[in-house]
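Chains as they are written, first to last, in my numbering: chain A, 1 to 223; chain B, 224 to 446.
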């Protein structure tokens, strides 16, 4: 969601990172989670005017036509959301490599199952998902997922590949030569002026051990 | 998706259940998975005229305004998709109770992890999700998730609660008194004439051990 807002040049406040003294932090998150119609189940939530919209894919679908991140036309919009939801499935599976038993438990409580799930993910799911997107990029001539310019699922695929590079550097290195078009897309997104500015700014959150994409070397391919 | 088509009274063919001699079965699924723009990642796929749309939530979002399963108005449509995506998250977690390590492996290969994940699901996730929808239904006066009539996430919540009843009869029995409005919604959906006709027909697929919601008694609450 941050990448979409940055690429579109939209001003936004990431309330989770604002200090409590400036109305941010955990109290602000709690406030957002208690408001909205319907009330959100969980973050992230986009507050825009009197709307509060939850669910990452829906937030992106809502933002995109307002900010030039999807083409006009129903076929293009449907294609974009289809890709977005497939990427979201991949993201859930990437998360569950370190939390296969329960999101509310520590990684250390589920390390054995995590090792099994991560091995299955690296062997089967990661090549299947990224191979799928490689085929989509191969089928189209532009280097973007849809049509001839960037749409929001390109940003989501960028973020996901970056996260996977962080979490599974060895597995991704092995896979890289089979996904040259995904790699090229990542480079192209990173080079866009607003995205490049964002990535170099303190607004960009580093991947960390509280997020979706975490680096536990024991879950990666053995060297 | 079938419930939405049935409630709307739309004619459809479930190609997976058609005999190969009539152009159905696995070859038909393969054909659909190789066509479409973009090509789908996985079933289900809705083929409507020259469109092929994948991702359950997107199929429902696409069908709903065409068949009276969502109100007009952007706020209502956004609310409906937000609920749909939250229900989809619950469905993934319900599936992963029996496949926490890998969807391509047999249950028997991951029984130990499944027991742990199912216990966590029953203790934490199931009450959290269904408690959330109970609160949504409590906040509105109509007994439906949005506005004053049925929308497609009501059908999705119906199917999900039915599936959970099948998979975890003891856990759902224990939870039932805390979710009276979810229970009432299920009864109301089941009583709708077209849905009742469908549920009594051979078109309704029984829950089974190949689907998302499976009954493994050892994953349910102990008696």
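By construction, the Cβ of each residue, glycine as well, lies at the ideal position given by its N, Cα and C atoms. This one's a predicted model, so the numbers in the text were calculated from it and none came from an experiment.
Item, Value
"Residue 85 of chain A - containing alpha helix (DSSP H), residue span", "74-96"
"Three or more C-beta pairs below 8 Å linking the segment 116-125 of chain A and the segment 23-39 of chain A", "no"
"Rounded C-alpha distance that separates residue 193 of chain A from residue 399 of chain B", "54 Å"
"Nearest neighbour of residue 241 of chain A, chosen from A:136, A:66, A:41 [CA to CA]", "The question about residue 241 of chain A has no answer here: the residues shown for chain A are numbered 1 through 223."
"Any 3 or more C-beta pairs closer than 8 Å across the segment 333-342 of chain B and the segment 313-321 of chain B", "yes"
"Proximity winner among B:248, B:235, B:434, B:354, relative to residue 390 of chain B (alpha-carbon distances)", "B:434"
"Neighbour list for residue 277 of chain B in chain A, Cβ cutoff strictly below 9 Å", "82, 85, 86"
"Local Cβ density within 10 Å of residue 152 of chain A, reported as buried at 16 or more and exposed below that", "buried"
"Whether residue 16 of chain A touches residue 9 of chain A by CB criterion (9 Å)", "no"
"Beta-carbon proximity list for residue 29 of chain A, same chain, < 7 Å, skipping 5 on both sides", "15, 16, 43"
"Between the CA atoms of residue 368 of chain B and residue 426 of chain B - distance to the nearest angstrom", "26 Å"
"Interface residues of the segment 62-74 of chain A facing chain B [CB-CB below 8 Å]", "62"
"Residue 17 of chain A - containing alpha helix (DSSP H), residue span", "Here residue 17 of chain A belongs to no alpha helix (DSSP H), and DSSP marks it neither H nor E."
"Where residue 51 of chain A falls: helix, strand or coil (DSSP)", "strand"
"Exposed unless 16 or more other CB atoms sit within 10 angstroms - verdict on residue 66 of chain A", "exposed"
"Segment contact flag, the segment 347-355 of chain B with the segment 401-410 of chain B, C-beta cutoff 8 Å, min 3 pairs", "yes"
"Residue 22 of chain A burial status per 10 Å Cβ neighbour count (16 or more: buried)", "exposed"
"Identity of the residue in B:264, B:370, B:279, B:260 nearest residue 273 of chain B by Cα", "B:260"
"Which residues DSSP lists as bridging residue 268 of chain B, in chain order", "B:277"
"Any chain B beta carbon closer than 9 Å to residue 148 of chain A", "no"
"Buried or exposed by the 16-neighbour rule on C-beta atoms within 10 Å, applied to residue 429 of chain B", "exposed"
"Nearest to residue 184 of chain A (by Cα), restricted to the options A:158, A:80, A:7, A:222", "A:158"
"7 Å CB neighbourhood of residue 171 of chain A in its chain, flanking five on each side removed", "122, 126, 220, 221"
"Closer than 7 Å at the beta carbon, the chain B residues around residue 204 of chain A", "Residues of chain B passing the Cβ test: none, with the nearest at roughly 26 Å."
"9 Å Cβ cutoff met for residue 81 of chain A and residue 61 of chain A", "yes"
"Straight-line Cα distance separating residue 335 of chain B from residue 438 of chain B", "16 Å"
"Sequence-distant residues of the same chain with beta carbon closer than 6 Å to residue 18 of chain A, five excluded per side", "24"
"Residue range of the unbroken alpha helix (DSSP H) whose run includes residue 158 of chain A", "152-167"
"Close-in-space but distant-in-sequence residues of the same chain around residue 377 of chain B (CB under 7 Å, 5 per side omitted)", "367, 368, 408, 412"
"First through last residue of the alpha helix (DSSP H) which encompasses residue 335 of chain B", "334-343"
"Coarse secondary structure for residue 282 of chain B, derived from DSSP in three states", "helix"
"Best match in B:436, B:371, B:316 for proximity to residue 295 of chain B [C-alpha to C-alpha]", "B:371"
"Proximity test, Cβ basis, 9 Å: residue 362 of chain B and chain A", "yes"
"Residue 355 of chain B in three-state terms, based on DSSP", "helix"
"Residue 209 of chain A, buried or exposed, once every other Cβ within 10 Å from all chains shown has been counted against 16", "exposed"
"Rounded C-alpha distance that separates residue 182 of chain A from residue 77 of chain A", "21 Å"
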